[in-house]
Every structure is written in C-alpha cells, then in structure tokens.
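Note sheet for the following structure.
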Amino acid sequence: MISILGQDFFRNALLAGTFIALACGLVGYFLVLRAQVFTGDALSHVAFTGAMAALAGGYDLRLGLFAATIGVGLLIGGLGRRGRPDDVVIGGVFAWILGLGAFFLTIYTTSRSAAQGGAGTSVLFGSIFGLHGNQTTVAVLIAGAISLLVLVIARPLLFATLDEAVAAARGVPVRVLGFGFLVLVGATAGEATQAVGSLLLLGLLAAPAGAAVRLTDRPFRGLALSAGLAVLEMWGGLLLSAAAPKLPPSFAIMATASAVYAATFLVRRRRPVPAGPEPAAA
Amino acid sequence: MLLADDTSPVFSWNPVADFQDMWSYAYMVNAFRAGLIVAVVCAVVGWFMVLRRQAFAGHSLSVAAFPGASLAVLVGFSTTLGYFGFCIAAALVIAALRREGQEGGAEESAATGTVQAFALACGYLFISLYKGLLEGPTALLFGDFLGITTGQVEILAVVGAAVLAVLAVIGRPLLFASLDPQVAAGRGVPVRLLGTVFLVLLAAATAEASQITGTLLVFALLVIPPATAQQLTARPGPSLLLSALLGLGACWAGLIAAYYQPYPLGFFVTGFAFAGLVLAHLFRYLRDSLERRRMPLTLTGGAA
Chain G
1 MISILGQDFF RNALLAGTFI ALACGLVGYF LVLRAQVFTG DALSHVAFTG AMAALAGGYD
61 LRLGLFAATI GVGLLIGGLG RRGRPDDVVI GGVFAWILGL GAFFLTIYTT SRSAAQGGAG
121 TSVLFGSIFG LHGNQTTVAV LIAGAISLLV LVIARPLLFA TLDEAVAAAR GVPVRVLGFG
181 FLVLVGATAG EATQAVGSLL LLGLLAAPAG AAVRLTDRPF RGLALSAGLA VLEMWGGLLL
241 SAAAPKLPPS FAIMATASAV YAATFLVRRR RPVPAGPEPA AA
Chain L
1001 MLLADDTSPV FSWNPVADFQ DMWSYAYMVN AFRAGLIVAV VCAVVGWFMV LRRQAFAGHS
1061 LSVAAFPGAS LAVLVGFSTT LGYFGFCIAA ALVIAALRRE GQEGGAEESA ATGTVQAFAL
1121 ACGYLFISLY KGLLEGPTAL LFGDFLGITT GQVEILAVVG AAVLAVLAVI GRPLLFASLD
1181 PQVAAGRGVP VRLLGTVFLV LLAAATAEAS QITGTLLVFA LLVIPPATAQ QLTARPGPSL
1241 LLSALLGLGA CWAGLIAAYY QPYPLGFFVT GFAFAGLVLA HLFRYLRDSL ERRRMPLTLT
1301 GGAA
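In order, the protein sequence lines correspond to chains G and L. Mind the numbering: the first sequence is residues 1 to 282 in the numbering used here, read in order. Mind the numbering: the second sequence is residues 1001 to 1304 in the numbering used here, read in order.
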C-alpha cells in the first residue's frame, strides 16, 4: 500500500481529487438547497454525450465536456425556472441527449481500433488514476477557480436561494445569479466527470451536501461542512481503493460518500422545525 | 452488439417485402413483441409518474437496474432476476427515505440522488470484478435487443399484465391522490400506501424495459410519451391512450430503424420519442397563439 501512495498517479489523483471534491461540495450544497439535484443529474448525462461527441469528431475530450455541460446549463436556465414543472422537460431533453450519447459512442468505437473500446466506460465511470501531470494541473486550476467563484457569490446566492422574493426586492440580481450558478454547475460537471465519471458525479454533488443539510440548519456552516465532507470522502475513497486494488476508485469514493450520508440518518434524527415562533438562536 | 456489421440489411422501398424479410428473423419478431409490451406498460405507468412529478425518482429507479443486471452476470444468475430484484428493492428504499425526508424537497432529492449514484457505482464494481467482457457495460447501459428469447417475452407479458392489472385496480384512487393528496387523505384514501405501491409498479416497469433499451434509456420511454400526451390533451382517458400509442410508435419505429442502421436501438427510440415531444410543444404553441389572436375582442381578463 505504501508503494502505491508514493507513486505519481496516486499523487496526481489525490491533488486533482481534492480540488474537484471541494468544488463539488460547494456547488452541491447550493444544488441541494435550491432543490435542483435533478438538474445536476441531467448535466452529468450531458457530460457523457459531450465527451463522446468530441471523441467521435476527433477533438479533445475536455472540449466536449465543458462545451456541452455549460451550454446545457445555460439552456436550462433560459427555459425559465418556474420550479417543478420543468422536471418533465429536463427529463425529456436529457433522455434524448443520452440516446445521442449512445449514438456518438457507436460512431467512435467503430471508427477507431478495438483498443479504444474502453473510452465510453471510462467517461461513464471515471478514471481518476489515469490523470497525467498536465491534466492534473488543469483540473486543479479549473476546480480551484470554480470554488473561488462559488465563494465570491455565496452570500447573495444564499439570500436568493432561501428567499427569492425578498432578495429580488432588495436588489439582488436573482436571475443573473441563477444563470451564473447553472454555468458553475455545468463547469463542475465537466470537471468532475474526469474523476468519478459522468454517471457517478451526482453522488459527489448530492451525498456530502445532503449530509450537511441533515446535520446543520445554518447556511454557512452547512456550506463549509459540505465542502469538508466531500474532500474527506474523496481522500477516504482514494485510500480505500489503494488498500484494496480490486475496488475501482470511483466505487470506493461513492461508497464512502454514501456511507457518510447513511450515517447522518443514525447520528441525529432531527425533528421538523416547529411551525410556531422561532426557537432561540443557538 | 450492433457495431456496424457490413451485413446490415438494405431498405428496398417495398414495405411488404421488407416486412416479410424482417419477420423471417425470430429475434426481430421477439423484439417487436417485447417492444409492444414494454412500450405500453412504460407509457401507462409513466403517465402517472409524470402526473405525480416523480421523474427524478423514476430515473433513479431505472438506474438501479444496472447493478442488478451486472450482479446477475457476475454471479451467474438470470439477468431478469437481477433486474427485478434490484429495481423493486430500490423502490422500497426510496419509499422509505421519502417518509423520513418529509421536511422538505431538498433532503428528499439529495437522498434519491445518493441512492442513484451508489447503485451505479455498485454496478460498476460488479462489472469490473467480472473480467472478460468488452462491450458488457455498454450493452447493459444502452440496450441490446438482439438477444431477446421467447421465454423472456413470456415473462415480460406476464409481469406487464400484472402491472397493468394492479394499476387498473388502484388507478382511480391513485389519480385522486396524485392530483390532490391533501383532499384525498382527508377523504380516507391511503395516500402513502398508494405512493409506495406505485413506486413498486414503476420499478417493475423499469425492470422490464431495461432489458430492451438498457438501463440509461428506459427513462425515455417512461417520461417522453406521457409528457407528449399531456401536452396534447388534459383528459385522463384519451391522454393515457395517446401516451401508450406514442410509446409504441417510438419503440417500433426505433426497432425498424435499428434493423437497417448500425446504430444502437436506444438512440433511435429516444430520437423518435423526443421528436414527438418537440412537435407536440410546437403544436400547442401554435394553437395557443391562434387562440390568442382570436381572443383580443374579449379584452382583459381572458387568457391568463
């Protein structure tokens, strides 16, 4: 196990994974608070189609990832977020986009030699142990930038999330913030796909944030908790898969995240907030 | 897999001959039969899913089929068993979590999302433990209709009939509970129990369909035809019927296209279904704007 820890690919994975988890934890917390987890789900599937389209066209995979996720993020924002009714539209669109992904996958696998056959699987399920030094640097820079941007807009975004009407009345640009946030979600989806894969990405967005929401009611503490949990879960998963090489890293990360989330159900069974007067601030 | 084999049949523009040609392959006959069952069951169950705004739960359930199938492959069981076992188990888990997370939609969606991602991760683990396959995961994820046997069609028919029968029995109270849960509960309708039964039905339908379109694309058959139908008419009866017809149309058209082209069936099915949805939106938009043009004499208070 020590020998694995010292190796380059593991250090790359740890470095990139830390920043990706940080970005996912921060973005995911807002995603959960805004009840937009389904949007994250849709964007993660879009990531697959984008990557496959880029590969089929002979471009760099990351170009497709970011172009598709950010583009669709903007599109979902533009379709007008009137809350729930959009679920069905989002679902319909992403079911089709996924079909399109299967199409590009076929084009790609038939146009290349058999050795490329695993590309689809690695986009779907991630390949964090396959990052090169250069890719790691890019991943760290992008994930760091996303985290920074989230922190910059965190205050107004929280306000707009928790009480949209009041925030709008106070002059917070609610709509622009919503758009900006979806772009950030798109960028995060594109970034994290390389680590845990487009299918498992949702877990990294939802599980730490879900745990944080269960553990605390206070927004900034929750945000910090979500980011911290995400990073710890990423480390735990990487160590777990280093200790047991049979476990793919994506599975180990997801298993750790799910276990932590499940544990929050045991730790504290929070009663619903009483409808009466606010309890004294703790 | 259907990976661009050069022996793809050629479309001859003679429907009768084409059809006889297609019908001479046992696997195509089975695929058409299976498609009929799956499309109708999915469209009817999905109609209630869209009405109840449970698209996210439906998608997560459809994803649970993947670890089920891959575990069955790993252990050597029949995949049908894996599909049904895991889907129904996931339905019960989501139903249980739903009861916990009554406090708000935020927690509920986080729970559903975590269940979904964990299920997929398990599937990936099982697949990677089971060495010696190249296109294994993609076949399970994106579907492979060539291998459907007559026995499987029989199972599909029995389960599909059972799902539809249960739905027929609970249909009326379920509709009531979906449209107005509070009033329904007040009138003594067991809303929560109905919700759980419905999730199990949804699971059975997705387990059925996963065997044809693959785990990731089931959702298209569940959500798109009902969404299209509900765009076109608001009355439950015609809307349900239309949903079933649209699903069947997309499924069979997809099968015919996949027979002639070396691309995956799921791509064609989702493509046709989505085209229908876009047309329905367009139709509705045109109808609404026509009506608005006819309206202006009534002045204010009209089309709200």
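All C-beta atoms in this analysis are idealised placements derived from N, C-alpha and C, irrespective of residue type, glycine included. Just so we're clear, the structure is a prediction, and the values are computed from it rather than from any experiment.
Helix, strand or coil at residue i [DSSP, three-state]
i	result
residue 1033 (chain L)	helix
residue 1018 (chain L)	helix
residue 1077 (chain L)	coil
residue 1309 (chain L)	Nothing about residue 1309 (chain L) can be reported from this structure: the residues present for chain L run from 1001 to 1304 only.
residue 1124 (chain L)	helix
residue 197 (chain G)	coil
residue 1101 (chain L)	With a pLDDT of 42 at residue 1101 (chain L), under the threshold of 50, the modelled position of that residue is not reliable, and no figure is offered here.
residue 41 (chain G)	helix
residue 62 (chain G)	helix
residue 217 (chain G)	coil
residue 84 (chain G)	Low local confidence applies: a pLDDT of 39 at residue 84 (chain G) is under 50, so the model's placement there is unreliable, with the coordinate-based value given in what follows. Of the three classes helix, strand and coil, the one that applies to residue 84 (chain G) here is coil, per DSSP.
residue 1216 (chain L)	coil
residue 1161 (chain L)	helix
residue 1059 (chain L)	helix
residue 1247 (chain L)	helix
residue 1262 (chain L)	coil
residue 132 (chain G)	coil
residue 1054 (chain L)	coil
residue 1284 (chain L)	helix
residue 1115 (chain L)	helix
Neighbour-count burial assignment, residue i, 16 or more Cβ in a 10 Å radius
i	result
residue 34 (chain G)	buried
residue 133 (chain G)	exposed
residue 1285 (chain L)	exposed
residue 1278 (chain L)	exposed
residue 69 (chain G)	buried
residue 1152 (chain L)	buried
residue 185 (chain G)	buried
residue 57 (chain G)	exposed
residue 1264 (chain L)	buried
residue 1301 (chain L)	Residue placement at residue 1301 (chain L) cannot be trusted, given a pLDDT of 46 that sits under 50; what the coordinates show is reported in the next sentence. It counts as exposed.
residue 1182 (chain L)	exposed
residue 191 (chain G)	buried
residue 1154 (chain L)	exposed
residue 1024 (chain L)	exposed
residue 1294 (chain L)	exposed
Same chain, Cβ closer than 6 Å to residue i, five either side skipped, listed in chain order
i	result
residue 250 (chain G)	125, 126, 196, 197 and 200
residue 164 (chain G)	174
Cβ neighbours of residue i in the same chain (closer than 7 Å, five flanking residues each side left out)
i	result
residue 264 (chain G)	211, 214 and 215
residue 1086 (chain L)	1064, 1065, 1067 and 1068
residue 1051 (chain L)	1178
residue 1270 (chain L)	1217 and 1220
residue 1072 (chain L)	1078, 1079, 1081 and 1082
residue 20 (chain G)	139, 143, 191, 192 and 195
Option nearest residue i by Cα separation, candidates the options
i	options	result
residue 1230 (chain L)	G:156, G:152, G:92 and G:101	G:92
residue 1114 (chain L)	G:244, G:41 and G:225	G:41
residue 8 (chain G)	G:141, G:131, G:218 and G:172	G:131
residue 1108 (chain L)	G:246, G:109 and G:207	G:207
residue 1159 (chain L)	L:1072, L:1084 and L:1171	L:1084
residue 1059 (chain L)	L:1151, L:1091 and L:1271	L:1091
residue 179 (chain G)	G:48, G:25, G:76 and G:56	G:76
residue 1028 (chain L)	L:1241, L:1170 and L:1150	L:1150
residue 1123 (chain L)	L:1202, L:1241 and L:1215	L:1215
residue 1257 (chain L)	L:1026, L:1024 and L:1032	L:1032
residue 209 (chain G)	G:27, G:167, G:94 and G:154	G:27
residue 224 (chain G)	G:241, G:168, G:154 and G:255	G:154
residue 182 (chain G)	G:21, G:25, G:30 and G:22	G:30
residue 1165 (chain L)	L:1188, L:1198 and L:1097	L:1198
residue 1171 (chain L)	L:1190, L:1182 and L:1228	L:1190
residue 36 (chain G)	G:227, G:160, G:87 and G:241	G:87
residue 106 (chain G)	G:240, G:66 and G:54	G:54
residue 1272 (chain L)	L:1061, L:1281 and L:1250	L:1250
residue 1076 (chain L)	L:1055, L:1127 and L:1093	L:1127
residue 46 (chain G)	G:135, G:148 and G:74	G:74
residue 1021 (chain L)	L:1260, L:1280 and L:1294	L:1260
residue 1224 (chain L)	L:1043, L:1034 and L:1035	L:1043
Proximal residues to residue i (C-beta, below 8 Å), its chain only, five neighbours per side dropped
i	result
residue 238 (chain G)	10, 13, 14, 17, 128, 249, 252 and 253
residue 219 (chain G)	33, 158 and 162
residue 1088 (chain L)	1200, 1203, 1204 and 1207
**Request:** Scan the region 1281-1293 of chain L for residues whose Cβ lies nearer than 8 Å to a Cβ of chain G and list them as they occur along the chain.
**Result:** Taking 8 Å as the upper bound on Cβ-Cβ separation, chain G lies near no residue of the region 1281-1293 of chain L.
**Within 7 Å of chain G by C-beta, residues of the region 1208-1229 of chain L in sequence order** = 1216, 1217, 1219, 1220, 1223, 1224 and 1227
**Request:** With 9 Å as the C-beta to C-beta threshold (strictly closer), list the residues of the region 229-249 of chain G near chain L in chain order.
**Result:** 246, 247 and 248
**Under 9 Å (Cβ pairs) to chain L, residues found in the region 184-203 of chain G** = 196, 197, 199, 200, 201, 202 and 203
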